[in-house]
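Take a look at the structure set out below.
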Amino acid sequence: MIFGHLLTSSNYNDEEEKVTGGRNGYGAKLCNIFSTKFTVETSSSQYKNAFKQTWMDNMSKAGSVKIKPASGDDFTKITFCPDLSKFKMEKLDKDTIDLLSRRAYDVAASTRGIKVFLNGTRLPGGRHVDYVTDALIKNLIEQIKKKNKGGMTIKPFQVKSHMWIFINCLIVNPTFDSQTKENMTLQAKNFGSKCTLSDKFLTQVAKSGLVEQVLTWAKFKAQTILEKAGGGKKKSKLRGIPKLDDANDAGTKNSLSCTLILTEGDSAKALAVSGLGVIGRDKYGVFPLRGKLLNVREASHKQILENAEINNIIKIVGLKYKMKYETREDLETLRYGKIMIMTDQDQVWVRRPRKRRKSTSATWRGIGSSSSTPEPNATSTSSWPSARNASNKGRNGSPIGWWSGRGGKSWACRKNTSTLKIRNRFRSRISLTKNWCCFRTLITNDRFLRQSMASSPANARNDSREVRVAQLAGSVAEHSAYHHGEVSLMATIINLAQNYVGTNNINLLQPLGQFGTRLQGGKDAASPRYIFTMLSPLARLIFHPHDDPLLKYQKEDNQRIEPVWYIPVIPMLLVNGADGIGTGWMTKIPNYNPREIIDCLLEMIDGKEPSSNLKPWYKNFRGDVESLIGGKYVLSGEIAVLGEDKVEITELPIGVWTHVYKENVLEPMLAGNEKTKAPPLIT
1 MIFGHLLTSS
11 NYNDEEEKVT
21 GGRNGYGAKL
31 CNIFSTKFTV
41 ETSSSQYKNA
51 FKQTWMDNMS
61 KAGSVKIKPA
71 SGDDFTKITF
81 CPDLSKFKME
91 KLDKDTIDLL
101 SRRAYDVAAS
111 TRGIKVFLNG
121 TRLPGGRHVD
131 YVTDALIKNL
141 IEQIKKKNKG
151 GMTIKPFQVK
161 SHMWIFINCL
171 IVNPTFDSQT
181 KENMTLQAKN
191 FGSKCTLSDK
201 FLTQVAKSGL
211 VEQVLTWAKF
221 KAQTILEKAG
231 GGKKKSKLRG
241 IPKLDDANDA
251 GTKNSLSCTL
261 ILTEGDSAKA
271 LAVSGLGVIG
281 RDKYGVFPLR
291 GKLLNVREAS
301 HKQILENAEI
311 NNIIKIVGLK
321 YKMKYETRED
331 LETLRYGKIM
341 IMTDQDQVWV
351 RRPRKRRKST
361 SATWRGIGSS
371 SSTPEPNATS
381 TSSWPSARNA
391 SNKGRNGSPI
401 GWWSGRGGKS
411 WACRKNTSTL
421 KIRNRFRSRI
431 SLTKNWCCFR
441 TLITNDRFLR
451 QSMASSPANA
461 RNDSREVRVA
471 QLAGSVAEHS
481 AYHHGEVSLM
491 ATIINLAQNY
501 VGTNNINLLQ
511 PLGQFGTRLQ
521 GGKDAASPRY
531 IFTMLSPLAR
541 LIFHPHDDPL
551 LKYQKEDNQR
561 IEPVWYIPVI
571 PMLLVNGADG
581 IGTGWMTKIP
591 NYNPREIIDC
601 LLEMIDGKEP
611 SSNLKPWYKN
621 FRGDVESLIG
631 GKYVLSGEIA
641 VLGEDKVEIT
651 ELPIGVWTHV
661 YKENVLEPML
671 AGNEKTKAPP
681 LIT
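Read in UniProt numbering, the sequence shown has 445 at position 445, and its numbers run on one by one without any break.
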């Protein structure tokens, strides 16, 4: 009856605490129903009898009962032949056999004292329980985090996928989500008992090799993600990197002849970009780096994936992690064939180029122009002064400037020291850096003038030689009793020396170094410590020395300081313009043409009215200036339509800087709108 009639069971009372799984009286009967033959055999040592009955054709035909005397231990044996046609199968496939094998393991682990055999082999076995698994994984995650510092984040389900957990336990009144009883749904608080994992057990699990296996998988997973994050398909135009000045031939059939120049910051980039005006932009691209570059040899996959500088370089060059670049075919997939690094020349930065080389040699060993670095030797100190003096002048007698990568000028130490051989060894880098930092910098007194120059708007000294901007600011602050800090003075000096389009029509100071460019509107100027300036030849013609006695000088702390105002021969406020906020008012005066201003002044000196109205004018600006009603003007740039899908922008309006325009206008336009993702049409 138990095996051949539905709803026959003794487990219907839910109030009774039981540790068996059956509750509805269906389990064994369903196996009988889905079998072509189902046989039950049982033997009782108490009654000394053995029972046997067979059902056929999905439990539709019950065979006769056979009872015979028996001796020996108690047992129950069930033999069945599944009806494969009910499952639309012709034979048992591998997955089904594996599932049945799994069930055999479950039985072996959950029945104490019972020997379970599968195809003649005795099994251990078991089943998984989240209650124990969660407690075990929680401890393993802590162990993994200690050994996976800087690596990808590993989640509990990822650890769980590497584990097989077998639990032998008794649960009071278990509940399941289906008749197959694969997943127990009873909450842990109702188990009727608790499972506490001992420290000894947790230690044994941690030492079983599971932690190392998970870490190996995590490294493989990170490497897979890293390979997908490579440069991708070769493109002639890149998006999303506004600070990149891409070479025109990058990503084309001529890409191998292109060179990417990596610079140390925006100021060095401005220096490189200014050189592109001479050699052209077809074969050279420029990209600035920010600070110290990541050493990829010591970095984890997660650090590499999250490092914007490394990923930008990979994207710009077009590198792919799966490729070795040992053949010309592989190299032709790159957007650039060479990388040139522009760094500062002092010892502090000597290691940086090597770190940048590591980013390619660590992953792409096929890339690299040399397997060794030549060993430079410094000349002896006895011969250095004569060599320096001999090389300070060119063939035509003009002085030679010694320029550093920071955008300024560096002076060699003149103090004699012992002979030093500079070897390209990592073990000597720290000592070399310490020695370099201890070198004395001697500044002769003749570089400081006793008196300030009163006739210069920047209070510059009456000196025909160049001086550092930082030193000039200190001198001006000293002689003018300036109370607002030297930082604003340095910014003013830099502004007075700028001469790119949109700044000064007549710069009163000379920009000897990197004083900013049109790329970022002067924000890419080098530090005042590294750039030099001096009076422009026109400065003393505009602020004539004969007018100096006419100036009314101020006094502070019994010291004569700057005059109340200056007397230029032409109104510099109109020449270079003004833009700022005063007390309750805003001032904005555009630049005007000095020649037109002079013509108006000459007419006014003759007692005539100016014959023409002044119109804003900016030196070297190629755009249009259109007059509107009410004294307003519209400044327009230049754009040429070269085809249906190609335009060339040759000029931007005044005050619109190149990088800002690329980042805020061109990049969003190329990306298209959110719906179509298509760039705008050119009409």
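We treat Cβ as the ideally placed atom computed from N, Cα and C, and that holds for glycine. All of these numbers come straight from a predicted model, not from anything done at the bench.
Item to complete: Rank ASP57, ARG290, GLY265 by C-alpha distance to the C-alpha of THR36 and give the top, closest one.
Response: Selected option, being the one with the closest Cα: ASP57.
| message | Can you list, in chain order, the residues of its chain with a C-beta nearer than 6 Å to that of MET590? Leave out the 5 residues immediately preceding and following it. | response | Correcting the residue identity first, residue 590 is Pro in this sequence and not Met. Excluding residues within five positions, the ones whose Cβ falls inside 6 Å are GLY577, PRO616.
Exercise. From the DSSP output, read off the bridge partner residues of THR54.
Key: THR39
Out of LEU334, LEU508, GLY72, THR133, which has the shortest C-alpha to C-alpha gap to ASP256?
Looking at the sequence provided, one finds Leu at residue 256 rather than Asp. When only C-alpha atoms are compared, the closest one is LEU334.
Open item on the list: Mapping the DSSP letters down to three states, classify ASP95 as helix, strand or coil.
Closed with: Note: ASP95 maps to helix in three-state DSSP.
With distances taken Cα to Cα, identify the nearest neighbour of GLN158 among PHE166, TYR284, THR133. THR133
Output needed for LEU574: all residues of its chain with C-beta closer than 6 Å, excluding positions within five of it in sequence on either side, in chain order. TYR592, ILE597
Which residues bound the alpha helix (DSSP H) around LEU472?
469 to 480
Any idea what DSSP makes of ARG239, helix, strand or coil? coil
Residue environment, PRO69, which counts as buried when at least 16 other CB atoms sit within 10 Å: Residue burial is scored here from C-beta neighbours: PRO69 has fewer than 16 other C-beta atoms within 10 angstroms and is therefore classed as exposed.
Span of the beta strand (DSSP E) around THR587: Taken as a continuous stretch (DSSP letters only), the beta strand (DSSP E) holding THR587 covers 586 to 589.
* Cβ pair PHE532, GLY502 closer than 7 Å -> no
Could you name the residues of the same chain whose beta carbon sits closer than 6 Å to that of ARG529, not counting the 5 residues immediately before and after it, in chain order?
So the qualifying residues of the chain are ALA470.
Could you tell me which uninterrupted alpha helix (DSSP H) segments, each at least 4 residues in length, are contained entirely in the region 258 to 282, listed from first to last along the chain? Complete alpha helix (DSSP H) runs here, min 4: 266 to 279.
Note to self: Helix, strand or coil, according to DSSP, for ILE639 in the structure here?
What the structure shows: strand
Using a beta-carbon distance below 7 Å, is TRP565 in contact with chain D?
Among the protein chains of the structure shown there is no chain D, as only one such chain exists.
* Asked: Does DSSP classify THR503 as helix, strand or coil?
  -> If DSSP states are grouped into helix, strand and coil, THR503 belongs with coil.
### Query
Where do the N-terminal and C-terminal ends of the beta strand (DSSP E) with TYR553 fall, by residue?
553 to 556
Exercise for review: Let me know the secondary structure DSSP gives PRO511 once reduced to three states.
Suggested key: coil
Margin query: Please return the same chain residues whose Cβ sits closer than 8 Å to the Cβ of GLY63, not counting the five positions on each side in sequence.
Written below: GLN53, THR54, TRP55, MET56
Is it true that the region 256 to 267 meets the region 282 to 289, where meeting means three or more beta-carbon pairs spaced less than 8 Å apart? yes
| request: Taking 8 Å as the threshold, find out whether the region 620 to 628 comes into contact with the region 201 to 208 through three or more Cβ pairs. | output: no
Notebook entry, point to check: DSSP three-state call for ILE165: helix, strand or coil?
Noted result: coil
* Going straight from the alpha carbon of LYS138 to that of PHE75, what length do you get? -> 42 Å
Give me, in chain order, the residues of the same chain whose beta-carbon lies closer than 7 Å to that of GLN143; leave out the 5 immediate sequence neighbours on both sides. ALA206, VAL211
* Asked: Between VAL40 and PHE87, is the Cβ-Cβ spacing less than 7 Å?
  -> no
Given the structure, does GLY275 come close to the ligand HEM, in the sense that its CB is under 6 Å from one of the ligand's heavy atoms? Although the ligand HEM was asked about, the structure shown includes no ligands whatsoever.
Can the beta-carbon of ASN505 be found less than 7 Å from the beta-carbon of ALA497? no
| query | Helix, strand or coil for GLY192 per DSSP? | reply | coil
- [ ] State the DSSP-derived secondary structure class of ARG297, mapped to helix, strand or coil.
- [x] coil
Problem - ALA135 burial status per 10 Å Cβ neighbour count (16 or more: buried) - result: exposed
### Message
Counting C-beta neighbours from all protein chains within 10 Å, is the total for LEU472 16 or more, i.e. buried, or is it exposed?
### Response
buried
### Query
Given a threshold of 16 other Cβ atoms within 10 Å of its Cβ, counted over all protein chains shown, does ALA671 qualify as buried or as exposed?
exposed
Count the other CB atoms within 10 Å of the CB of PHE515; is the residue buried (16 or more) or exposed (fewer)? buried
Once DSSP output is grouped into helix, strand and coil, what is the label at LYS409?
Bear in mind that a pLDDT of 40 at LYS409, under 50, signals an unreliable position, so the model cannot answer this.
Query - Residue from GLU298, SER71, SER60, ILE67 with nearest C-alpha to GLN46 - result: SER71
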